[in-house]
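**Q** Mapping of the sequence shown onto the numbering used here: residues 1 to 257, in sequence order. Think of the CB as a built atom: it goes at the ideal place given N, C-alpha and C, for glycine as much as any other residue.
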Amino acid sequence: MNTTINVDLSEVDKFNKLASEWWDKTGAFATLHHINPLRLNWIEENVKRGYQSSHQNPDANKTAEAGLAGKKIVDVGCGGGILAESMARRGADVTGIDLGTENLKAASLHAEQSDLNDVLRYQHIPVEDLAKTHAGQFDVVTCMEMLEHVPDPSAIVQACYDLLAPGGVCVLSTINRNPKSYLFAIVGAEYVLRLLDRGTHDYAKFITPAELDKMAVNAGFTRQDMIGLHYNPITKRYWLAQNVDVNYMMAVQKPLV
């Protein structure tokens with residue numbers, strides 16, 4: 001493992017302390033449980049789209065229609081495994097990686113209790129290190145709600161690119177940086193609505209879509225799609241829309257050649 005790791009140890013400690021709440025759907029990570037079906041479906045749609053557009057072989061449509069099923073996936077910054085486990089349930093072979101040991105214990109225990117050990121495993125390893133030993137070995141890479149918690153997000157994006165096989169799809173999510181995102185993601189979510197613990201986010205680490213797009217292009221990716229995630233505190237409903245002022249996801253693809 002590297003002696004210098006692209007990690008903010010205070011961020012790791014923050015989530016480790018909440019590890020017992022990962023699978024409590026009314027606890028600190030309730031929001032992730034609520035939004036997971038939305039992001040899971042969007043990830044699968046973009047995997048299908050990516051394989052349809054880039055794989056020019058007789059089995060391409062069959063592979064695309066399979067969605068996540070049969071795909072080899074790595075979930076970077078998997079936390080307690082909420083997304084990783086849902087992708088495994090859709091037939092993917094999933095590796096979740098994280099630097100929070102308590103997070104991984106919670107994820108592994110829940111996977112064992114869910115009888116998913118054959119298709120889901122967890123590793124305590126930086127993504128940059130995994131990319132050195134497993135370059136080009138994954139069909140899909142996901143990195144959700146992590147980039148705004150590390151010192152060098154561009155290095156994470158590059159490692160995601162390196163992990164993918166040609167034609168593979170990567171889905172990233174983070175938070176835009178502007179006055180509206182500060183109001184909604186920090187003041188609203190952490191202090192008013194208390195959807196997240198106070199101090200979960202650092203506004204200075206938020207990433208604009210233009211900045212993330214530049215990181216992706218510099219890594220070698222081609223653009224695919226982008227969508228915003230929205231919440232109505234009155235109706236308590238989450239939905240996806242084109243507005244990316246606050247929370248957003250970006251799908252990019254590694255070219256075949």
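Pick helix, strand or coil for Met87, following the three-state DSSP scheme.
**A** Looking up residue 87 in the sequence shown gives position 87. DSSP places Met87 in helix when its eight states are reduced to three.
**Q** CB-CB under 8 Å to Asn16, same chain, minus the five flanking residues each way: which ones, in chain order?
**A** Counting from one through the sequence shown, the residue named residue 16 turns up at place 16. Only Gly100, Thr101, Glu102 and Asn103 meet the Cβ criterion.
**Q** Leaving aside the five residues before and after Trp22 along the sequence, list all residues of the same chain whose C-beta is less than 6 Å from its C-beta, in chain order.
**A** Along the sequence shown, one-based indexing puts residue 22 at 22. The answer, listed in chain order, is Phe29, Gly80 and Ala106.
**Q** Run through the region 62-116 for me and flag every whole alpha helix (DSSP H) of 4 or more residues, listed as ranges in chain order.
**A** Counting only runs of 4 or more, we get 82-89 and 101-113.
**Q** Whole angstroms are fine: how far does the CA of Cys170 sit from the CA of Ala64?
**A** Against the sequence shown, residue 64 aligns to sequence position 64. Against the sequence shown, residue 170 aligns to sequence position 170. So the alpha carbons of these two residues sit roughly 15 Å apart.
**Q** Would you call the region 236-250 and the region 29-40 in contact, with 3 or more CB pairs under 8 Å?
**A** Because the criterion of three Cβ pairs below 8 Å is met, the region 236-250 and the region 29-40 touch.
**Q** Which whole-angstrom value describes the C-beta separation of Gly77 and Asp98, a residue pair presumed to lie in contact below a C-beta threshold of 8 Å?
**A** Numbered from its first residue, the sequence shown carries residue 77 at position 77. Numbered from its first residue, the sequence shown carries residue 98 at position 98. Going by Cβ atoms, the distance from Gly77 to Asp98 rounds to 6 Å, so yes, they are a contact pair.
**Q** Are there 16 or more other CB atoms within 10 angstroms of the CB of Thr123, so buried, or fewer, so exposed?
**A** Translated into positions along the sequence shown, residue 123 becomes position 123. A quick correction: the sequence has Gln, not Thr, at residue 123. Counting Cβ neighbours within 10 Å, Gln123 comes out exposed, since fewer than 16 surround it.
**Q** Report all residues from its chain with a CB closer than 7 Å to the CB of Gln158; omit the five preceding and five following residues, and keep chain order.
**A** Taking the first residue of the sequence shown as position 1, residue 158 is located at position 158. Ala219.
**Q** Quick check on the burial criterion: 16 or more other C-beta atoms within 10 angstroms. Buried or exposed for Ile227?
**A** For this step, residue 227 is matched to residue 227 along the sequence shown. Buried, since its Cβ has 16 or more Cβ neighbours within 10 Å.
**Q** May I ask you to verify whether the region 128-137 touches the region 161-168, counting CB pairs closer than 8 Å and requiring at least 3?
**A** Result yes; three or more Cβ-Cβ pairs closer than 8 Å.
**Q** Just to confirm before moving on: does the CB-CB distance between Asn247 and Ile156 stay below 8 Å?
**A** Position 247 of the sequence shown, counted from the start, is the residue given in the question as residue 247. Position 156 of the sequence shown, counted from the start, is the residue given in the question as residue 156. In this structure, Ile156 does not lie closer than 8 Å to Asn247 by Cβ.
**Q** Could you check the C-alpha separation between Leu147 and Ser173 for me, to the nearest Å?
**A** As a working note, residue 147 is residue 147 in the sequence shown. As a working note, residue 173 is residue 173 in the sequence shown. Whole-angstrom Cα-Cα distance: 8 Å.
**Q** Name the DSSP beta bridge partners of Ser173, please?
**A** The residue labelled residue 173 in the question sits at position 173 within the sequence shown. Answer by DSSP bridge pairing, in chain order: Met249.
**Q** If we count the other Cβ atoms within 10 Å of its Cβ and call it buried at 16 or more, is Ile43 buried or exposed?
**A** Along the sequence shown, one-based indexing puts residue 43 at 43. Ile43 comes out buried.
**Q** Could you give the DSSP three-state label for Ala135: helix, strand or coil?
**A** Position 135 of the sequence shown, counted from the first residue, corresponds to residue 135. In this structure, Ala135 counts as coil in the three-state DSSP scheme.
**Q** Please report the residue range of the alpha helix (DSSP H) in which Arg49 lies.
**A** Here residue 49 refers to the residue found at position 49 of the sequence shown. Run containing Arg49: Ala30 to Ser54, per the alpha helix (DSSP H) assignment.
**Q** Based on the DSSP secondary-structure assignment, which residues constitute the bridge partners of Gly167?
**A** Sequence index remark: in the sequence shown, residue 167 carries index 167 (1-based). Partner(s): none; Gly167 has no beta bridge.
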